[in-house]
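The structure under discussion appears below in the form of structure tokens.
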Amino acid sequence: MVRIIGAILLIIGTSGMAYTYCFEQRLRLRLLHKMRDIFVLIQKEMEYLKATMPEICLHLSEQNNSLSSVFGDIYMETELNNGRSFNAIWRHHFAEKLKKEPLKEDEKNLIMLFPESLNYRDSDGQADGVKKYINELNSRINEIDAEIKNKNKVVMCLGVMSGIITVVIII
Amino acid sequence: MVRAEEILNIFPGELRRRFSEAAKQAFDLQEIRLSVRQPVRIILKGKEFFIDLNGKIEAKTEKAWFISEKEIEGILNYVCKSSLYAFEDEISQGFITVSGGHRIGLAGQAVQNNDGKIRNLKHIRFLNIRISHEIIGAADRIVGYVFDKKCFNTLIIAPPGCGKTTMLRDLVRQVSNGLKDEGGLQVGIVDERSEIAGSFMGIPQNDVGIRTFVMDACPKVQGMMMLIRSMAPQVVAVDEIGNADDLKAIAQILLSGSKILATIHGDSLNDLKKFETLSDYKMREMFERFIILHKKGGICRIKEIHGQGGEVWYV
Numbered sequence: 001m002v003r004i005i006g007a008i009l010l011i012i013g014t015s016g017m018a019y020t021y022c023f024e025q026r027l028r029l030r031l032l033h034k035m036r037d038i039f040v041l042i043q044k045e046m047e048y049l050k051a052t053m054p055e056i057c058l059h060l061s062e063q064n065n066s067l068s069s070v071f072g073d074i075y076m077e078t079e080l081n082n083g084r085s086f087n088a089i090w091r092h093h094f095a096e097k098l099k100k101e102p103l104k105e106d107e108k109n110l111i112m113l114f115p116e117s118l119n120y121r122d123s124d125g126q127a128d129g130v131k132k133y134i135n136e137l138n139s140r141i142n143e144i145d146a147e148i149k150n151k152n153k154v155v156m157c158l159g160v161m162s163g164i165i166t167v168v169i170i171i
Numbered sequence: 172m173v174r175a176e177e178i179l180n181i182f183p184g185e186l187r188r189r190f191s192e193a194a195k196q197a198f199d200l201q202e203i204r205l206s207v208r209q210p211v212r213i214i215l216k217g218k219e220f221f222i223d224l225n226g227k228i229e230a231k232t233e234k235a236w237f238i239s240e241k242e243i244e245g246i247l248n249y250v251c252k253s254s255l256y257a258f259e260d261e262i263s264q265g266f267i268t269v270s271g272g273h274r275i276g277l278a279g280q281a282v283q284n285n286d287g288k289i290r291n292l293k294h295i296r297f298l299n300i301r302i303s304h305e306i307i308g309a310a311d312r313i314v315g316y317v318f319d320k321k322c323f324n325t326l327i328i329a330p331p332g333c334g335k336t337t338m339l340r341d342l343v344r345q346v347s348n349g350l351k352d353e354g355g356l357q358v359g360i361v362d363e364r365s366e367i368a369g370s371f372m373g374i375p376q377n378d379v380g381i382r383t384f385v386m387d388a389c390p391k392v393q394g395m396m397m398l399i400r401s402m403a404p405q406v407v408a409v410d411e412i413g414n415a416d417d418l419k420a421i422a423q424i425l426l427s428g429s430k431i432l433a434t435i436h437g438d439s440l441n442d443l444k445k446f447e448t449l450s451d452y453k454m455r456e457m458f459e460r461f462i463i464l465h466k467k468g469g470i471c472r473i474k475e476i477h478g479q480g481g482e483v484w485y486v
């Protein structure tokens with residue numbers, strides 16, 4: 001009886017590990033989707049409202065999502081006028097926020113270095129600059145989407161299989 | 172009163188230390204002039220000084236701090252909060268107004284449209300930071316001539332740097348708030364260069380009175396017409412009139428029954444003639460009070476006040 005329970009727990013354990021990995025990949029994809037939507041909003045605000053980045057951050061902080069607090073923090077710090085540039089403020093707060101997120105380093109850098117692209121002197125040009133960012137994120141999302149669909153099935157199978165194999169070896 | 176903090180807030184962190192000495196003299200500080208690869212200059216009480224790398228104010232250029240392109244760009248980016256695109260219109264007009272009503276004049280390479288109009292500025296390498304000096308009570312000595320039971324159409328005549336805008340701003344404040352025995356009037360300001368109200372993000376940074384609307388960064392003629400059509404002001408205030416279209420718009424305001432407070436460049440009433448040749452309108456007939464300012468001993472003073480009928484008052 002104990003052996004059966006042990007075997008079941010082992011299989012659940014390895015399957016759980018596989019599930020956690022798959023879940024993280026889905027979270028990563030969801031976060032990139034969210035960032036893409038945020039960049040679309042930023043683009044629209046630049047194009048139609050000519051809003052400054054702190055104003056845009058304020059608007060984004062008023063939305064109810066997991067990133068609203070980071071935009072609120074960025075807005076608050078720019079309002080303090082403490083001499084720190086907007087680029088540095090954005091980088092600092094996003095570095096903190098993304099520390100525990102399941103994104104790859106280059107994906108984190110893509111988000112953190114966004115203010116570097118804020119160098120256009122007209123709203124149309126700047127909106128186009130953000131569009132490039134959106135396109136970059138879109139291609140990442142498509143890649144990950146395709147990758148996850150296949151990879152997740154394999155990972156889940158491997159998780160269950162490795163549990164069964166371990167049980168067989170141990171017994 | 173200008174606050175040192177407001178001046179320091181114009182600069183990004185690493186440059187603040189260098190302007191801290193100048194900012195301490197905020198009340199006397201008139202301008203900070205930055206030209207690429209040239210010494211940083213400040214104008215204190217009408218005299219030019221230089222700033223060294225430690226922020227010390229020097230009379231000579233030997234130890235002066237020569238500002239780089241990167242530092243100028245850093246200031247511009249900081250002022251615009253990394254959102255230069257949002258200041259496109261202001262930049263194309265050659266200035267940005269910042270919190271506190273201070274105005275930053277810009278010069279660089281102009282980018283033109285096909286029709287020859289300036290669309291934008293690139294390679295901005297020269298900044299002239301004009302410190303806003305709101306002087307509450309600047310118009311105390313003239314307000315009685317302008318606002319006595321009713322408001323008189325008034326033209327302030329003065330050469331550049333003699334305090335026309337400061338005088339107009341305080342006049343607007345007093346007319347808007349009302350005097351001891353008089354209730355205030357509804358005033359509309361057309362602030363083409365954001366100098367009167369010093370609006371930042373639409374909020375007046377200077378005290379322009381409780382009954383004042385501000386049409387900020389709006390061309391004078393269009394702004395005057397918009398105010399008349401939509402806001403029904405009893406008094407319209409406008410800075411630096413001068414061309415035929417301005418006079419035509421003022422005539423429209425007077426026809427609609429509103430009063431006008433305006434300023435113009437000049438030294439005397441005779442200087443109005445050259446403006447009058449540009450249009451069919453006679454300023455002597457449009458305005459009821461002419462306040463002439465001049466600079467004496469480095470201080471801006473009221474020279475004389477003329478009435479429409481030729482009467483002259485010396486204040």
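Here the protein sequences line up with chains A and B, keeping their order.
Using the working numbering, read the first sequence as starting at 1 and increasing by one per residue.
Using the working numbering, read the second sequence as starting at 172 and increasing by one per residue.
All C-beta atoms, glycine included, are put in the ideal place defined by N, C-alpha and C.
Between which residues of its own chain and Ile262/B is the CB-CB distance below 8 Å, once the five residues before and five after are set aside?
For Ile262/B, where only same-chain residues beyond five positions count, the Cβ hits under 8 Å are Leu255, Leu277, Asn291, Leu292, Ile295.
Between the segment 83 to 103 of chain A and chain B, which residues of the former have CB atoms less than 8 Å from a CB of the latter, in chain order?
Those residues of the segment 83 to 103 of chain A that come within reach of chain B (Cβ to Cβ, closer than 8 Å) are Gly83, Arg84, Ser85, Phe86, Asn87.
What does the alpha-carbon distance come out to for the pair Asn441/B and Asp341/B?
Taking the straight line joining both Cα atoms gives about 26 Å.
Counting contacts by CB-CB distance shorter than 8 Å, is Thr52/A in contact with chain B?
Closer than 8 Å: yes.
Relative to chain C, which residues along the segment 29 to 53 of chain A have a C-beta separation below 7 Å, given in chain order?
Here chain C cannot be found, since the structure's protein chains are A and B.
Could you tell me which chain A residues have their CB closer than 9 Å to the CB of Pro183/B, listed as they occur along the chain?
Here the neighbours are Gly83, Arg84, Ser85.
Taking DSSP as the reference, what is the three-state secondary structure of Phe461/B?
Strand at Phe461/B.
Buried or exposed: which applies to Gln376/B, given that a residue is buried once 16 or more other Cβ atoms fall within 10 Å of its Cβ?
So Gln376/B ends up on the buried side.
How is the beta strand (DSSP E) around Leu49/A delimited, first residue to last?
Where Leu49/A is concerned, there is no enclosing beta strand (DSSP E), given that its DSSP letter is neither H nor E.
I'd like to confirm the pairing. Which residues does DSSP put opposite Ala281/B in its beta bridges?
The partner list for Ala281/B (beta bridge, DSSP) reads Leu292/B.
Can you tell which of Gly226/B, Val317/B, Pro210/B has the C-alpha that lies nearest to the C-alpha of Trp484/B?
If we check each option's Cα against that of Trp484/B, Val317/B comes out closest.
For Ala329/B, does the three-state DSSP call read helix, strand or coil?
Reduced to three states, the DSSP call for Ala329/B is strand.
Rounded to whole angstroms, what's the CA-CA distance from Gly245/B to Pro183/B? Just pull it up for me.
Distance between the alpha carbons of Gly245/B and Pro183/B is about 7 Å.
Which two residues bound the contiguous beta strand (DSSP E) that contains Gln63/A?
It is not in any beta strand (DSSP E) - Gln63/A carries neither H nor E in the DSSP assignment.
Could you have a look at His304/B and say whether DSSP puts it in helix, strand or coil?
DSSP places His304/B in coil when its eight states are reduced to three.
Listed from N- to C-terminal order along the chain, which residues in the segment 103 to 127 of chain A have their beta-carbon within a distance smaller than 9 Å of any beta-carbon of chain B?
Listed in sequence order: Pro115, Leu118, Asn119, Tyr120, Arg121, Asp122, Ser123, Asp124, Gly125, Gln126, Ala127.
Considering only residues of the same chain and omitting the five flanking positions on each side of Glu45/A, which have a CB-CB separation below 8 Å?
Cβ neighbours of Glu45/A beyond the five flanking positions: Ala51, Glu55, Ile56, His59.
Keeping to the same chain, check which residues put their C-beta closer than 6 Å to that of Gly349/B; ignore five residues upstream and five downstream.
So the list reads Gly355, once near-sequence residues are dropped.
How many whole angstroms separate the CB atoms of Glu47/A and Ala127/A, which I take to be in contact at a CB cut-off of 8 Å?
About 4 Å; that satisfies the 8 Å criterion.
Under 7 Å between beta-carbons, which chain A residues line up against Asn291/B? List them in chain order, please.
Within chain A, the residues near Asn291/B are Arg121, Asp122.
Indicate whether at least one CB of chain A lies closer than 8 Å to the CB of Glu242/B.
No, Glu242/B does not count as interfacial toward chain A.
Apply the 10 Å Cβ neighbour rule to Met1/A and answer buried if 16 or more other Cβ atoms are within range, or exposed otherwise.
Exposed: under 16 other Cβ atoms inside 10 Å.
Establish whether the CB of Thr20/A and some CB of chain B are separated by less than 8 Å.
So no, Thr20/A is outside the interface.
Considering only DSSP beta bridges, list what Ala408/B is partnered with.
Paired residues: Ile360/B, Leu432/B.
Can you check whether the C-beta of Ala197/B is within less than 8 Å of a C-beta belonging to chain A?
Output row for Ala197/B: interface = no.
Using C-beta distances below 6 Å, list every residue in its chain close to Met172/B, excluding the 5 sequence neighbours before and after it, in chain order.
At Met172/B, the pLDDT of 48 sits below 50, so the modelled position is not reliable; the number obtained from the coordinates is stated separately. Excluding positions up to five away in sequence, the list is empty.
Hey, would you say Ala194/B sits closer than 8 Å to Leu179/B, going by beta carbons?
Yes, the pair counts as a contact, with Cβ atoms nearer than the cut-off.
Three Cβ pairs or more, each shorter than 8 Å: is that satisfied between the segment 211 to 226 of chain B and the segment 186 to 193 of chain B?
The segment 211 to 226 of chain B is in contact with the segment 186 to 193 of chain B.
Is it buried or exposed for Lys321/B, if we count other Cβ within 10 angstroms and need 16 for buried?
Exposed, since its Cβ has fewer than 16 Cβ neighbours within 10 Å.
Please compile the residues from chain A whose C-beta is within a distance smaller than 9 Å of the C-beta of Asn248/B.
Result: Ser85, Phe86, Asn87, Leu118, Asn119.
Quick check: Ile367/B and Ala408/B, are their CB atoms within less than 8 Å of each other?
Contact flag set, yes.
Check Arg472/B in the structure and name its three-state DSSP category.
If DSSP states are grouped into helix, strand and coil, Arg472/B belongs with the strands.
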